[in-house]
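Quick notes on the structure that follows.
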Amino acid sequence: MIKVINWNINSIKSRLNHLLLLIKEEDPDIIMLQELKCETDKFPYVEFETLGYNLLINGQKTYNGVAILSKYPCEDTTSSLPSYNIDDNDQQARYIETICTINKKIWRFISVYVPNGQEVESEKYSYKLNFLERLHQHLNNLKTDQENLVIGGDFNIANQDIDVYDPKTLTEKLCFSLKEKKHLRKIINSGFSDTYRLLNQNITQFSWWDYRAGAYQKNNGLRIDYIFSNHTATNQLKESFVLEKFRTLEKPSDHIPIVSIYEENT
DNA sequence: ATGGTCGGTTGCCGA
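Shown next as structure tokens:
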């Protein structure tokens, strides 16, 4: 069994105890994190090495930052998404990819923090769409039919009406505009499954609620965090669920962890 | 109700 968790933690420093609680309660094999808001060499390595994790960190000061924590040894780690001449000077820490060998099978894991985009048609919105295009190209170039590929991330896009609290109000708003959805669907349709949706059809479950305006109390949320897996991995998918409890703790992240469990075919 | 609340950093940005 391989238990994978994805979580936008919104500051590793502020949420250290929540992450330790998550590990204590769920004992995941792989944890993919976003928004560390911490420089690579300031990550609290010891706490997690003590718990048996290999740590792959791509951090930066104040903003962004992604990580993969793995109980299995990792190799060939890359901390940048190729630019493909689309965005040649991208310095933001939004991507990390690594390969684990688990029971002699190759599992490639990616943790990605897609740009928020600030406002539809803004400069940052273009950067968001460009980033998604780069991600799409990179995933196509991996040609990973022979291996298992699992992508966890905060994509900052809700895919369908069922994934938002009020599709009418949110039409063409940031994180629900047609251009964003088309970019997201292009990635999914290139050979991935949305693991939570695959096993929980017709259920409205959000992964993020704004800190502002009592959004959580009103359940005004969006499902923008995902675990995607390729066909090979999805064939082994057994369970997928969210841990909404982590939005009810004191000083929570505005996002909740998502869990997907794979059972290796024998 | 076109507002509000966080985190990291220091008077404001990003989400």
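So that you can map any letter, position 120 of the first sequence is 176 in this note's numbering, and since no number is skipped, the others follow by simple counting. We treat Cβ as the ideally placed atom computed from N, Cα and C, and that holds for glycine.
Exercise. Taking 8 Å as the threshold, find out whether the stretch 194 to 202 comes into contact with the stretch 141 to 149 through three or more Cβ pairs.
Key: The stretch 194 to 202 makes no contact with the stretch 141 to 149, as fewer than three CB pairs between them are under 8 Å.
Quiz item: By Cβ distance below 6 Å, which residues in the same chain neighbour Ser296 in space, the five residues on each side in sequence not counted?
Solution: Only Thr251, Tyr252, Leu255 and Ser316 meet the Cβ criterion.
Quiz item: Which residues in the same chain as Tyr267 place their Cβ atom closer than 7 Å to its Cβ, once the five residues preceding and following it in sequence are excluded?
Solution: Counting only Cβ-Cβ distances below 7 Å, and skipping sequence neighbours, we find Asp310.
Quiz item: Can you name the start and end residues of the beta strand (DSSP E) that Ala289 belongs to?
Solution: Looking at the DSSP string, Ala289 is not in any beta strand (DSSP E); the run it does join, the alpha helix (DSSP H), is His287 to Thr290.
Quiz prompt | Start-to-end residues for the alpha helix (DSSP H) that takes in Gln193 | solution = Per DSSP, Gln193 belongs to the alpha helix (DSSP H) from Glu179 to Leu198.
Quiz item: With a CB to CB cut of under 6 Å and the five nearest residues on each side skipped, what residues in its chain are close to Ile218?
Solution: These residues qualify, in order along the chain: Thr260.
Quiz item: With distances taken from CA atoms, which of Met57, Ile58 and Asn66 is nearest Pro313?
Solution: Closest option to Pro313, judged by alpha-carbon separation, among Met57, Ile58 and Asn66: Asn66.
Quiz prompt | Beta-carbon gap between Met88 and Glu319 smaller than 7 Å | solution = Not closer than 7 Å, so no.
Quiz prompt | Whole-number beta carbon distance between Asn114 and Ile152, since they are thought to touch under 8 Å | solution = A Cβ-Cβ distance of about 4 Å is found for the pair Ile152 and Asn114, placing them in contact under the 8 Å criterion.
Practice problem: Starting from Glu320, follow its DSSP beta bridges and name the residues at the other end. | Solution: Secondary-structure assignment with DSSP links Glu320 through no beta bridge to anything.
Quiz prompt | Range covered by the alpha helix (DSSP H) that runs through Tyr272 | solution = Per DSSP, Tyr272 is not a residue of any alpha helix (DSSP H), being assigned neither H nor E.
Self-check item: Beta-carbon gap between Gln90 and Tyr169 smaller than 7 Å
Solution: Yes, the Cβ-Cβ distance between Gln90 and Tyr169 is below 7 Å.
Quiz prompt | Minimum C-alpha distance to Ile166 - residue among Trp265, Asn159 and Phe211 | solution = Nearest of Trp265, Asn159 and Phe211 to Ile166, Cα basis: Phe211.
Self-check item: Sequence-distant residues of the same chain with beta carbon closer than 6 Å to Leu41, five excluded per side
Solution: There is simply no residue 41 to check, as the chain begins at 57 and stops at 322 in what is shown.
Quiz item: Given Leu72, which residues of its chain have a CB within under 8 Å of its CB, disregarding the five upstream and five downstream residues?
Solution: Excluding positions up to five away in sequence, the list reads Pro100 and Glu103.
Practice problem: For Ala214, I'd like the list of residues in its chain whose CB is within less than 7 Å of its CB, leaving aside the five on either flank, ordered along the chain. | Solution: Taken in chain order, the residues that qualify are Val220, Cys231, Phe232, Leu278, Arg279 and Ile280.
Quiz prompt | Cβ contact (3+ pairs, closer than 8 Å) linking the stretch 176 to 196 and the stretch 126 to 144 | solution = Contact between the stretch 176 to 196 and the stretch 126 to 144 is present, because at least three Cβ pairs lie under 8 Å.
Quiz prompt | Where the alpha helix (DSSP H) through Glu203 begins and ends | solution = For Glu203, there is no enclosing alpha helix (DSSP H), as DSSP gives it neither H nor E.
Quiz prompt | Whole-number beta carbon distance between Ile155 and Glu131, since they are thought to touch under 8 Å | solution = About 6 Å separates the CB atoms of Glu131 and Ile155; that is less than 8 Å, so the two are in contact.
Practice problem: Could you spell out the range, first to last residue, of the alpha helix (DSSP H) harbouring Glu103? | Solution: Taken as a continuous stretch (DSSP letters only), the alpha helix (DSSP H) holding Glu103 covers Tyr101 to Glu105.
Quiz prompt | Leu137 (DSSP reduced to helix, strand or coil) | solution = Looking at Leu137 - three-state DSSP - the assignment turns out to be coil, as it is neither helix nor strand.
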